[in-house]
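Quick note on numbering: the working numbering labels position 70 of the sequence shown as 104, and the sequence is numbered without any gaps.
Glycine included, each C-beta is placed from N, C-alpha and C at the ideal position.
Note that the structure is predicted; figures quoted are calculated from it, not measured.
Worksheet: the structure to be examined is printed underneath.
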Amino acid sequence: MSKNIKFLAYYLPQYHPIPENDQWWGKGFTEWTNVVKAKPLFEGHYQPRLAADLGYYDLRVPEVRAHQAQLAKDYGVDGFCYYHYWFGNGKKVLERPLEEVIKFKTPDFPFCVCWANETWKGIWFGGDSKQTLLEQLYPGKQDYIDHFNYLLPAFKDERYIKIDGKCLFNVYAPYLIDDLDLFVTTFRACAKEAGIGDLYLMATRCPENWNPLDYGFDGGVGVSQFTSLRYVTGPLYQTFTRMELLKKRVKKFFFGEEKLDLDFENRKKPLLVEYKEAIKYLLPPEQYDYDFFPCAVNDWDNTARAGHKGVVLNNSTPELWEQHLTEACNYVANNDSEHQLVFLKSWNEWAEGNYLEPDAKWGHQYLEVIKRVKEKFNGIKQY
């Protein structure tokens with residue numbers, strides 16, 4: 035079977051001031067505010083993370099967005115999956131970068147959208163875990179119609195990524211939507227009424243054994259069984275869920291006989307997980323009866339946000355990243371060419387130590403891995 039591996043990188047838009055962040059954290063706050071003030075919390079801890087080629091950019095600047103897209107393209111990334119925040123009743127935040135990408139038709143780089151449908155809590159920024167900043171609401175059918183209509187210019191954009199001719203729309207945590215069936219049927223009906231055909235709905239974070247097909251979705255994106263554990267974000271959820279299920283085995287791999295301290299609120303130092311061990315658990319051991327696209331994770335360290343409450347995938351290296359990315363590609367290599375898709379987490383989540391953009395320590399080495407792995411699988415030189 036011919037190989038057509040494609041990589042989509044999640045993209046965080048929180049690199050420009052917004053009134054909400056000004057109110058919560060001080061005027062001018064962006065993701066960089068946490069990044070530059072981070073401090074090492076244990077021996078050998080790589081903090082702060084220092085930006086290289088792109089500097090501490092502002093996403094209101096079109097040239098920055100163009101430079102990002104060109105850099106991604108040069109190293110084999112096939113598109114961005116923009117995090118999108120719609121909190122219900124028309125409330126949006128951080129919408130400007132994507133809106134301008136659509137409005138000005140630049141950069142000429144494929145994209146899709148992930149609805150990050152979670153309530154914003156203070157813990158994400160090192161604050162009180164009980165503090166609600168923005169509550170995610172689901173007001174009902176009219177709000178879903180309004181939400182779809184807001185996204186319609188994106189879906190109609192010629193750069194929008196499609197699978198089987200359908201616009202790819204990723205829902206971050208569909209299990210949080212109380213009237214999920216109403217959301218699915220409304221969005222699909224709106225798509226047909228708008229003349230764009232059907233949608234290709236993909237789920238990310240879901241409970242154990244949650245089958246997307248049972249809920250009107252086409253498949254899933256993420257780590258093995260894409261399960262979750264409170265207070266740990268994104269790719270680490272499944273790692274720690276497996277810890278609970280396979281406690282003795284995982285404790286031996288990750289911590290020896292050290293106590294597994296999952297008390298994130300009161301812990302006095304970050305939780306360290308060796309990257310070389312974590313990647314053993316971040317890809318599914320089995321194939322599913324629905325489309326599943328793995329999410330490869332190159333690094334993680336959210337101590338810039340959470341301090342001692344954070345989690346660190348310790349000792350990530352380009353060599354280990356290449357091993358992990360290769361295994362992710364192997365997972366989809368036997369799919370038909372349109373379904374040989376691997377998500378990358380992430381392009382630019384700097385305050386979570388989860389980025390592919392060049393930094394002062396590694397330069398382009400993590401990007402070079404993407405280019406090299408893609409060439410190996412597809413047999414085509416990337417320029």
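How would you call residue i, buried or exposed, if buried means at least 16 neighbouring beta carbons within 10 angstroms?
i	result
Leu375	buried
Ser380	buried
Lys302	exposed
Asp92	exposed
Pro319	exposed
Asn336	buried
Gly110	buried
Lys190	exposed
Gly62	exposed
Asn151	buried
Leu305	buried
Gly174	exposed
Gln104	exposed
Asp108	exposed
Ser371	exposed
Glu65	buried
Glu386	buried
Pro187	exposed
Ser262	Caution applies to Ser262, whose pLDDT of 33 falls short of 50 and renders its modelled position unreliable; the value that the coordinates give is listed next. Buried.
Gly60	exposed
Gln176	exposed
Gly113	buried
Asn368	exposed
Asn55	buried
Asn183	exposed
Hey, how far is the Cα of residue i from the Cα of residue j?
i	j	result
Trp384	Gln321	32 Å
Gln102	Ile136	16 Å
Ile39	Asp198	15 Å
Phe326	Gly256	8 Å
Pro51	Ile179	28 Å
Pro53	Arg94	14 Å
Cys224	Arg130	24 Å
Tyr44	Cys240	18 Å
Arg99	Pro141	7 Å
His181	Cys146	15 Å
Glu311	Glu169	35 Å
Gln75	Asn245	First, the residue type needs correcting, since residue 75 is Leu and not Gln in the sequence shown. Cα to Cα, the separation comes out at about 40 Å.
Leu235	Asn204	6 Å
Gln81	Gly229	49 Å
Leu210	Lys125	18 Å
Leu347	Val331	10 Å
Arg193	Ala340	36 Å
Lys405	His398	11 Å
Leu247	Ala72	42 Å
Cys148	Pro208	11 Å
Val70	Trp154	22 Å
Val407	Lys164	42 Å
Glu242	Leu378	22 Å
Pro144	Gly253	21 Å
Glu185	Thr360	Before going further, note that residue 185 is Leu rather than Glu in the sequence given. Approximately 34 Å between the Cα atoms of the pair.
Gln48	Leu128	6 Å
Glu227	Tyr119	24 Å
Phe221	Asp232	9 Å
Once the 5 residues before and after residue i are set aside, which same chain residues still bring their CB inside 6 Å of it?
i	result
Lys37	Phe411 and Asn412
Ala394	Leu84 and Ala86
Gly344	Pro304, Asn336 and Thr337
Ile313	His358
Tyr90	Trp66
Thr273	Unreliable positioning characterises Thr273 in this predicted model, as indicated by a pLDDT of 45, which lies under 50. A coordinate reading is not provided.
Following the continuous beta strand (DSSP E) through residue i, name the residue where it begins and the one where it ends.
i	result
Leu235	Leu233 to Ala237
Lys379	Leu375 to Lys379
Thr166	Thr166 to Leu168
Phe41	Lys40 to Tyr45
Tyr145	One detail in the question is off: residue 145 reads as Phe in this sequence, not Tyr. Unbroken beta strand (DSSP E) run through Phe145: Phe145 to Trp149.
Gly156	Counting along the chain, Gly156 falls outside any beta strand (DSSP E), and DSSP gives it neither H nor E.
Would you kindly report the start and end of the unbroken alpha helix (DSSP H) that includes residue i?
i	result
Pro74	Element bounds for Pro74: n/a, residue is neither H nor E.
Lys410	Gln399 to Asn412
Trp59	Pro53 to Trp59
Leu132	Arg130 to Phe138
Take residue i and list the residues in its own chain whose beta-carbon comes closer than 7 Å to its own, dropping the five residues that flank it on each side.
i	result
Trp58	Leu167
Asn382	Tyr45, Leu46, Tyr389 and Glu391
Trp355	Asn332, Tyr400 and Val403
Asp215	Gly250
Within a Cβ cutoff of 8 Å, which residues of the same chain sit near residue i, ignoring the five residues on either side of it in sequence?
i	result
Lys196	Leu202 and Tyr234
Phe138	Pro96
Val366	Ile39, Phe327, Pro328, His373, Gln374, Leu375 and Val376
Leu88	Val98, His101, Gln102, Leu105, Glu391 and Pro392
Asn349	Glu308, Tyr309 and Lys310
Return no unless some Cβ of chain C is closer than 9 Å to the Cβ of residue i.
i	result
Arg193	Note that chain C does not occur in the displayed structure, where there is just one protein chain.
Give the list of continuous beta strand (DSSP E) stretches no shorter than 3 residues that lie fully inside the stretch 91-122.
113-120, all fully within the stretch 91-122.
Please specify which runs of the beta strand (DSSP E), each continuous and at least 3 residues long, are wholly inside the stretch 171-224, giving them in chain order.
Within the stretch 171-224, the beta strand (DSSP E) runs of at least 3 residues that lie entirely inside it are, in chain order, 200-205.
What residue ranges within the stretch 297-367 form continuous alpha helix (DSSP H) runs of no fewer than 4 residues, ordered along the chain?
Segments of the alpha helix (DSSP H) lying fully in the stretch 297-367: 309-312, 337-340 and 352-366.
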